[in-house]
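Each residue of the sequence shown is one higher than the one before, starting from 28 at the first, in our numbering. Note that CB positions come from ideal geometry on N, CA and C, so glycine has one too. Owing to the predicted nature of the structure, the values given are computational and were not obtained by experimental measurement. Just below is one structure, and these are the notes that go with it.
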Amino acid sequence: MDITQVTQKIKILNKMIGESSGKCPDESLTRLILLSAMSEMKLRTHISGDMTEIAKKIDDAMTELKTLISNK
């Protein structure tokens with residue numbers, strides 16, 4: 028997974044977070060926003076070993092968000 032792919036995943040997560048406002052608990056959205064911000068900060072340091080880990084966390088966050096919306 029390269030930096031471009033991870034950046035795209037973060038953009039998708041951010042869009043999903045924006046669209047989920049009011050549909051999910053604020054605590055969950057806040058945690059996902061923080062995850063997104065921390066992922067973006069890690070990308071700026073360009074640690075290639077972290078790319079897979081970041082991508083996995085973003086994928087997990089998107090799955091969680093979809094679950095939260097569908098359970099509402």
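| Check | Outcome |
| --- | --- |
| Straight-line Cα distance separating Met-65 from Ile-81 | 9 Å |
| Closest Cα partner of Leu-40 within the set Thr-72, Leu-62, Thr-31 | Leu-62 |
| Limits of the alpha helix (DSSP H) - the one that Asp-29 falls within | Per DSSP, Asp-29 belongs to no alpha helix (DSSP H) and is neither H nor E. |
| Local conformation of Ser-55 per DSSP, three classes | helix |
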